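Residue numbers (the numbering used here): 85 to 215.
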């Protein structure tokens, strides 16, 4: 699994596909990129897919973030480190809240959204958000 260094720290991520629009898949609280495992290969036929382990989750460096907005900041750092100006965002649970908040914060950088099992006012236990 590739890694990259952001202002946040070392980030592990899975990637599939070489052509098409960039698609970033964001997992939920307490999860990892592996929650997307069954979809990543199929999505690679139509997109360049990236599935990071959010800070403090999976194999990415701690600490986690205390708020959804903290993870939004990480998302834009991740996109910058990959050289992505715009991306489609798919988010599950807390990942959906991150994707939605990112689209509201910087709509020019978000090409589209897919939200799964999420909501605008998602309540997540603080211990899970922090990783």
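Ideal Cβ positions, reconstructed from N, Cα and C, are used throughout, including at glycine. Remember, it's a predicted structure, so these values are computed and weren't measured experimentally.
What span of residues does the beta strand (DSSP E) with residue i cover, start to end?
| i | result |
| --- | --- |
| residue 198 | 194-200 |
| residue 119 | Residue 119 -> no beta strand (DSSP E), and no H or E assigned at all. |
| residue 89 | 87-90 |
| residue 100 | 93-100 |
Return the chain-ordered list of same chain residues with a C-beta closer than 7 Å to the C-beta of residue i, the five sequence neighbours on each side being excluded.
| i | result |
| --- | --- |
| residue 155 | 138, 149 and 182 |
Are the CB atoms of residue i and residue j nearer to each other than 8 Å?
| i | j | result |
| --- | --- | --- |
| residue 169 | residue 193 | yes |
| residue 201 | residue 176 | yes |
| residue 107 | residue 189 | no |
| residue 225 | residue 152 | The structure shown does not extend to residue 225, since the chain spans only 85 to 215, so no value can be given for it. |
Do you know how far the Cα of residue j is from the Cα of residue i?
| i | j | result |
| --- | --- | --- |
| residue 145 | residue 95 | 6 Å |
| residue 114 | residue 196 | 25 Å |
| residue 90 | residue 165 | 6 Å |
Tell me whether residue i sits in a helix, a strand or coil according to DSSP, three-state version.
| i | result |
| --- | --- |
| residue 169 | coil |
| residue 125 | helix |
Among the residues of its own chain, which have a CB less than 6 Å from the CB of residue i, if the five just before and after it don't count?
| i | result |
| --- | --- |
| residue 123 | none |
From which residue to which residue does the alpha helix (DSSP H) around residue i run?
| i | result |
| --- | --- |
| residue 187 | 178-189 |
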